[in-house]
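Engineer:
Number of protein chains: 4
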Amino acid sequence: MEATIDCLVDLGYGHTSYARIAERAGLSSTRLISYHFADKDELMQEVVNHVFDRAREVINPLMAAASGPKQTLATFIAASVAWYRADAPKLLALREIWNNFRSPDGTPRLGPASHEAELETIAGILRAGQEAGEFREFDPRVMAVTLRKALDGASEQLALYRDTDAEVYSLELVSLFDRATRAADGPSPVPVT
Amino acid sequence: MEATIDCLVDLGYGHTSYARIAERAGLSSTRLISYHFADKDELMQEVVNHVFDRAREVINPLMAAASGPKQTLATFIAASVAWYRADAPKLLALREIWNNFRSPDGTPRLGPASHEAELETIAGILRAGQEAGEFREFDPRVMAVTLRKALDGASEQLALYRDTDAEVYSLELVSLFDRATRAADGPSPVPVT
Amino acid sequence: MEATIDCLVDLGYGHTSYARIAERAGLSSTRLISYHFADKDELMQEVVNHVFDRAREVINPLMAAASGPKQTLATFIAASVAWYRADAPKLLALREIWNNFRSPDGTPRLGPASHEAELETIAGILRAGQEAGEFREFDPRVMAVTLRKALDGASEQLALYRDTDAEVYSLELVSLFDRATRAADGPSPVPVT
Amino acid sequence: MEATIDCLVDLGYGHTSYARIAERAGLSSTRLISYHFADKDELMQEVVNHVFDRAREVINPLMAAASGPKQTLATFIAASVAWYRADAPKLLALREIWNNFRSPDGTPRLGPASHEAELETIAGILRAGQEAGEFREFDPRVMAVTLRKALDGASEQLALYRDTDAEVYSLELVSLFDRATRAADGPSPVPVT
DNA sequence: TATGAATGAGCATTCATTCAT
DNA sequence: AATGAATGAATGCTCATTCAT
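Quick note, the sequences are listed as chains G, E, F and Z, same order. The numbering used here applies: residue 1 is where the first sequence begins, and numbers increase by one. The numbering used here applies: residue 1 is where the second sequence begins, and numbers increase by one. The numbering used here applies: residue 1 is where the third sequence begins, and numbers increase by one. The numbering used here applies: residue 1 is where the fourth sequence begins, and numbers increase by one.
Below, the structure is given as structure tokens:
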């Protein structure tokens with residue numbers, strides 16, 4: 001599975017064949033891949049599960065401490081970026097699968113549509129903040145999509161430019177979305193001292 | 001080329017073969033594709049050029065009227081969304097190529113790295129605004145990446161959910177980035193009247 | 001397709017692969033087989049159709065002259081054997097497909113069940129003969145199955161032992177089924193002079 | 001071995017692989033098959049032996065009582081059908097092996113050629129009857145082949161259409177071959193009372 | 001401009017079989 | 001007796017591309 005991730009990153013989804021994976025894994029036959037995984041779909045699904053398991057491992061503990069819309073939002077951003085820093089290469093592999101994994105009939109198995117659940121969670125936090133008066137009026141869907149894509153951008157930058165400072169990136173994003181969301185006269189959640 | 005775009009959208013890059021394209025185009029042989037395009041790379045490049053030509057057609061005239069960092073930024077967002085609305089399906093095809101087009105050695109031919117020029121342009125506008133005192137202090141790179149991805153998100157939403165109101169989406173994004181960038185005590189560039 | 005028939009006869013259905021067919025046909029790639037036939041099923045079906053077309057060509061003109069149950073039966077036997085003599089090798093190929101061609105779920109595509117239509121035709125002739133009083137009382141189904149298998153036996157013998165005298169075999173079978181079917185006191189349809 | 005027979009019947013010889021057999025037998029590895037049988041050929045041979053052992057068990061005692069060509073012939077038919085009724089499904093498996101089992105060089109290991117011994121036995125009975133004046137003049141080979149195939153037809157019918165009455169089928173066949181073989185003026189061996 | 005025929009490399013997957021416990 | 005890991009050859013089929021009209 002590590003060899004698979006390497007192939008996905010280096011060669012892209014389209015050139016990640018059993019032959020290439022076996023080569024990288026030092027196997028003398030592709031047969032062993034078929035032995036451990038029912039088919040390529042299962043292999044890919046397993047990689048996705050593996051990466052998401054890691055995500056939960058890193059993010060959930062950090063999220064536990066957050067309370068209130070503003071802090072939840074900021075923590076979500078910071079925790080996501082923390083994960084990206086830890087697992088940058090795996091994220092490139094995930095992206096390949098995400099963008100290319102399709103059913104035989106052509107419909108994407110993952111792709112943007114699979115973000116719906118997460119988008120709804122984010123939108124829920126945003127709506128809660130609006131009701132609490134902490135956030136201004138805006139379209140929660142647009143904001144949620146933008147945040148989701150902003151985080152994708154972060155993971156891309158961290159993976160492609162390894163000298164990017166994750167700490168700075170995280171703080172900048174928190175600040176950006178704080179300003180984008182806060183009520184006109186509300187206090188800054190990141191008090192400037 | 002229209003058949004190619006259809007295939008890319010419906011089947012994804014990986015299943016967009018000469019055979020499938022010829023089938024959709026009603027050709028009885030793939031030979032005609034090879035006749036018009038040197039190879040598959042050229043075909044894909046041609047699709048990319050075609051889509052970007054349209055982008056320039058739609059965006060450039062709108063950008064011409066803008067002056068000053070704030071307005072330039074707002075106009076850039078609005079013009080981009082205007083293009084997405086006009087050419088939503090083509091953008092899905094572009095995305096497929098963007099994410100998958102690679103050299104024989106595996107290095108991406110397009111992908112995030114190809115956004116550098118555009119990111120630099122956006123960052124330039126942001127820096128100009130900071131120097132003019134219209135924008136607050138922030139990392140121009142992070143903001144540029146976030147804006148770029150926010151626009152990607154917009155094109156996705158418009159393509160996948162055809163009932164999305166592009167006008168609203170555009171105004172929401174302009175407002176979002178206005179708040180994210182403006183100097184603490186600066187006036188709103190989109191005055192509420 | 002001739003190469004396919006050769007393979008079926010010499011190697012059997014199970015070892016008739018694209019590689020072996022291409023080899024015998026002098027093709028430098030199996031690709032050409034896939035080019036002309038959608039898949040292996042289509043190739044096999046085409047062979048079956050080809051062989052049956054020949055059968056109709058040979059048998060139908062001979063059957064045209066027959067009238068009355070006894071003569072029809074005798075002519076059917078003679079015409080069948082005439083075809084076997086003409087196309088003996090092809091019949092071995094047909095047998096391979098007949099016995100092994102199955103749907104993906106395992107159910108036979110041809111096999112004994114596909115003989116139903118022909119069995120019904122034969123049984124019809126037999127019943128007509130019984131009603132006309134030319135044939136004795138017997139179970140038409142059993143007689144039809146036995147005749148069908150007797151003809152299979154003839155084709156096998158003619159294909160495997162090339163010195164078998166088809167003329168003799170034909171007359172023997174006609175006589176055999178005449179005696180097996182005729183009414184107790186009926187006259188012989190093949191009068192001894 | 002029962003799992004093997006099941007596979008042969010349900011999937012056909014070509015799809016009866018170690019993997020499928022292990023699956024049906026509830027084994028978690030094909031290794032156990034290789035443990036008990038040297039190779040696939042041995043497994044198939046074992047199945048054939050197993051089926052033929054049963055045949056001898058059923059047929060031999062019944063044959064023991066027969067004496068004289070006519071009775072021997074009638075008993076042979078009746079005993080064969082009795083076996084078919086008892087072991088119908090196994091016979092379908094046998095047929096699969098019979099038709100497909102080949103040496104590496106492609107020559108059939110069983111198939112029609114393996115019937116020679118049995119055909120010679122049947123022909124011997126027929127010749128004895130001719131010499132004794134009980135049977136008319138006919139080609140013993142053609143009659144033997146036809147009887148052999150008639151019995152194959154019976155086993156097919158009994159296996160495929162489970163409501164076929166074996167008793168009737170047996171009597172019909174006996175009567176059929178009695179009429180086909182008996183001397184012109186000879187008495188019926190199955191006197192109607 | 002359009003076509004059918006032909007090609008060799010590559011694909012995921014299945015085959016029977018062997019190794020090591 | 002039973003298992004899981006490993007193997008190399010073979011399967012049908014698709015790939016982009018070229019040849020010849």
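We treat Cβ as the ideally placed atom computed from N, Cα and C, and that holds for glycine. These numbers were taken from a predicted model, which means no experiment stands behind them.
So, with DSSP's three-state summary, where would you put alanine 56 of chain E?
Structural biologist: The residue labelled residue 56 of chain E in the question sits at position 56 within the second sequence. Reading off the sequence, residue 56 of chain E comes out as arginine, not alanine. Note: arginine 56 of chain E maps to helix in three-state DSSP.
Engineer: For leucine 43 of chain F and alanine 74 of chain Z, I'd like the C-alpha separation in whole angstroms.
Structural biologist: Start at 1 with the first residue of the third sequence, and residue 43 of chain F comes out as number 43. Start at 1 with the first residue of the fourth sequence, and residue 74 of chain Z comes out as number 74. Each residue's Cα considered, the two are about 44 Å apart.
Engineer: Using a Cβ-Cβ cut-off of less than 9 Å, give me the residues of the region 13 to 31 of chain F that come near chain Z, in sequence order.
Structural biologist: Residues passing the 9 Å Cβ filter: Tyr13, Gly14 and His15.
Engineer: Using a cut-off of 7 Å between C-beta atoms, extract the partners of arginine 179 of chain F located in chain Z.
Structural biologist: Position 179 of the third sequence, counted from the first residue, corresponds to residue 179 of chain F. The contacting residues are Arg179 and Ala180.
Engineer: Report the CB separation of threonine 181 of chain F from methionine 143 of chain F in whole angstroms; it is logged as a contact under 8 Å.
Structural biologist: The sequence position of residue 181 of chain F within the third sequence is 181, counting from 1. The sequence position of residue 143 of chain F within the third sequence is 143, counting from 1. The pair is a contact, with the Cβ atoms about 7 Å apart (cut-off 8 Å).
Engineer: Measure the beta-carbon distance from isoleucine 125 of chain G to threonine 72 of chain G and round it to whole angstroms, keeping in mind my assumption that it falls under 8 Å.
Structural biologist: In the first sequence, counting from the first residue as 1, residue 125 of chain G sits at position 125. In the first sequence, counting from the first residue as 1, residue 72 of chain G sits at position 72. Between threonine 72 of chain G and isoleucine 125 of chain G the Cβ distance is about 5 Å, and since that is below 8 Å, they are a contact.
Engineer: What are the residues in the region 51 to 82 of chain F lying within 7 Å of chain Z by C-beta distance?
Structural biologist: Per Cβ criterion, the list is empty.
Engineer: Over what stretch of residues does the alpha helix (DSSP H) that includes alanine 93 of chain G continue unbroken?
Structural biologist: Indexing the first sequence from 1 puts residue 93 of chain G at position 93. Taken as a continuous stretch (DSSP letters only), the alpha helix (DSSP H) holding alanine 93 of chain G covers 69 to 100.
Engineer: What are the residues that DSSP puts in a beta bridge with proline 108 of chain Z?
Structural biologist: Counting from 1 along the fourth sequence, the entry for residue 108 of chain Z is found at position 108. DSSP, once it has assigned bridges, lists Z:Arg102 as partnering proline 108 of chain Z.
Engineer: Leucine 158 of chain E and valine 58 of chain E: beta carbons closer than 9 Å?
Structural biologist: Here residue 158 of chain E is taken as the residue at index 158 of the second sequence, counted from 1. Here residue 58 of chain E is taken as the residue at index 58 of the second sequence, counted from 1. Their beta carbons are not under 9 Å apart, which means leucine 158 of chain E does not touch valine 58 of chain E by this criterion.
Engineer: Using a beta-carbon distance below 9 Å, is lysine 40 of chain E in contact with chain G?
Structural biologist: Working through the second sequence from its first residue, we reach residue 40 of chain E at position 40. No, because no Cβ of chain G sits closer than 9 Å to the Cβ of lysine 40 of chain E.
Engineer: What residues from chain E crowd round aspartate 10 of chain G, counting only those whose CB sits closer than 8 Å?
Structural biologist: The count along the first sequence starts at 1 and reaches residue 10 of chain G at position 10. Result: Gly106.
Engineer: To the nearest angstrom, report how far apart lysine 40 of chain G and alanine 65 of chain G are at their CA atoms.
Structural biologist: As a position in the first sequence, residue 40 of chain G is number 40, starting the count at 1. As a position in the first sequence, residue 65 of chain G is number 65, starting the count at 1. Whole-angstrom Cα-Cα distance: 39 Å.
Engineer: Consult DSSP for arginine 136 of chain F and reduce its assignment to one of helix, strand or coil.
Structural biologist: Numbered from 1 along the third sequence, position 136 holds the residue referred to as residue 136 of chain F. In this structure, arginine 136 of chain F counts as coil in the three-state DSSP scheme.
Engineer: To which residues of the same chain is leucine 110 of chain E closer than 6 Å at the C-beta, ignoring the five residues directly before and after it?
Structural biologist: In the second sequence, counting from the first residue as 1, residue 110 of chain E sits at position 110. Around leucine 110 of chain E: Trp98 and Phe101.
Engineer: Between which two residues does the alpha helix (DSSP H) holding tyrosine 169 of chain G run?
Structural biologist: As a working note, residue 169 of chain G is residue 169 in the first sequence. Run containing tyrosine 169 of chain G: 166 to 181, per the alpha helix (DSSP H) assignment.
Engineer: Whole-angstrom Cβ separation of tyrosine 84 of chain G and alanine 154 of chain G, contact assumed at under 8 Å?
Structural biologist: Position 84 of the first sequence, counted from the first residue, corresponds to residue 84 of chain G. Position 154 of the first sequence, counted from the first residue, corresponds to residue 154 of chain G. Confirmed, Cβ separation roughly 6 Å.
Engineer: Quick one: using the 10 Å Cβ neighbour count with 16 as the cut-off for buried, is proline 61 of chain G buried or exposed?
Structural biologist: As a working note, residue 61 of chain G is residue 61 in the first sequence. Exposed, since its Cβ has fewer than 16 Cβ neighbours within 10 Å.
Engineer: Does the beta-carbon distance from alanine 88 of chain E to arginine 162 of chain E come in below 9 Å?
Structural biologist: Numbered from its first residue, the second sequence carries residue 88 of chain E at position 88. Numbered from its first residue, the second sequence carries residue 162 of chain E at position 162. Yes.
Engineer: So which residues on chain F does tyrosine 169 of chain Z lean against when the C-beta distance must stay under 7 Å?
Structural biologist: Here residue 169 of chain Z refers to the residue found at position 169 of the fourth sequence. Within chain F, the residues near tyrosine 169 of chain Z are Val142.
Engineer: Just the C-alpha distance for histidine 36 of chain F and aspartate 105 of chain G, rounded to the nearest angstrom, thanks.
Structural biologist: For the purposes of this step, residue 36 of chain F is taken as residue 36 along the third sequence, with counting starting at 1. For the purposes of this step, residue 105 of chain G is taken as residue 105 along the first sequence, with counting starting at 1. Going from the Cα of histidine 36 of chain F to the Cα of aspartate 105 of chain G covers about 24 Å.
Engineer: Residues of chain Z with a CB under 8 Å from the CB of valine 48 of chain F: which are they?
Structural biologist: Your numbering for residue 48 of chain F matches position 48 in the third sequence. Going along chain Z, no residue has its Cβ under 8 Å from valine 48 of chain F, so there is no contact; the nearest lies around 16 Å.
Engineer: Taking CB distances under 9 Å as the criterion, tell me whether serine 175 of chain G reaches chain E.
Structural biologist: Here residue 175 of chain G corresponds to residue number 175 of the first sequence, with the count starting at 1. True, the Cβ-Cβ gap to chain E drops below 9 Å.
Engineer: Is glycine 129 of chain F buried or exposed, if buried means 16 or more other CB atoms sit within 10 Å of its CB?
Structural biologist: If you number the third sequence from 1, residue 129 of chain F lands on position 129. Buried, because 16 or more other Cβ atoms sit within 10 Å of the Cβ of glycine 129 of chain F.
Engineer: Using a beta-carbon distance below 9 Å, is asparagine 99 of chain G in contact with chain E?
Structural biologist: Taking the first sequence and counting its residues from 1, one reaches residue 99 of chain G at position 99. Yes, contact with chain E.
Engineer: When the cut-off is 9 Å and only beta carbons count, does phenylalanine 135 of chain G lie next to chain E?
Structural biologist: Working through the first sequence from its first residue, we reach residue 135 of chain G at position 135. False, the Cβ-Cβ gap to chain E never drops below 9 Å.
Engineer: What is the DSSP secondary structure of serine 29 of chain Z, reduced to helix, strand or coil?
Structural biologist: Residue 29 of chain Z sits at position 29 when you count from the first residue of the fourth sequence. Coil.
Engineer: Give the interface partners of alanine 150 of chain F over in chain Z, defined as CB-CB distance under 7 Å, in chain order.
Structural biologist: Numbered from 1 along the third sequence, position 150 holds the residue referred to as residue 150 of chain F. What alanine 150 of chain F touches in chain Z: Thr146, Lys149 and Ala150.
Engineer: At least one CB of chain Z closer than 9 Å to the CB of arginine 85 of chain F: is that the case?
Structural biologist: Along the third sequence, read from residue 1 onward, the residue named residue 85 of chain F stands at position 85. So no, arginine 85 of chain F is outside the interface.
Engineer: State the DSSP-derived secondary structure class of aspartate 41 of chain F, mapped to helix, strand or coil.
Structural biologist: Numbered from its first residue, the third sequence carries residue 41 of chain F at position 41. If DSSP states are grouped into helix, strand and coil, aspartate 41 of chain F belongs with the helices.
Engineer: Report the CB separation of proline 112 of chain F from glutamate 96 of chain Z in whole angstroms; it is logged as a contact under 8 Å.
Structural biologist: Locating residue 112 of chain F in the third sequence gives position 112, counting from the first residue. Locating residue 96 of chain Z in the fourth sequence gives position 96, counting from the first residue. Rounded, the Cβ-Cβ distance is 13 Å, inconsistent with contact.
Engineer: Give the DSSP-derived three-state secondary structure of tyrosine 161 of chain Z in the structure shown.
Structural biologist: Here the question's residue 161 of chain Z lines up with position 161 in the fourth sequence. Reduced to three states, the DSSP call for tyrosine 161 of chain Z is coil.
Engineer: Assign threonine 4 of chain G to one of three DSSP states: helix, strand, or coil.
Structural biologist: As a working mapping, residue 4 of chain G is identified with position 4 in the first sequence. In the structure shown, threonine 4 of chain G sits in a helix (DSSP, three-state: H, G or I).
Engineer: Smallest Cα separation from phenylalanine 135 of chain E: which of G:Glu134, G:Arg179 and G:Tyr169?
Structural biologist: In the second sequence, residue 135 of chain E corresponds to position 135, counting from 1. Ranking the options by Cα distance to phenylalanine 135 of chain E, first place goes to G:Arg179.
Engineer: Is it the case that the Cβ atoms of leucine 8 of chain F and alanine 86 of chain F are separated by a distance below 9 Å?
Structural biologist: Walking along the third sequence from the start, residue 8 of chain F turns up at place 8. Walking along the third sequence from the start, residue 86 of chain F turns up at place 86. Contact: no.
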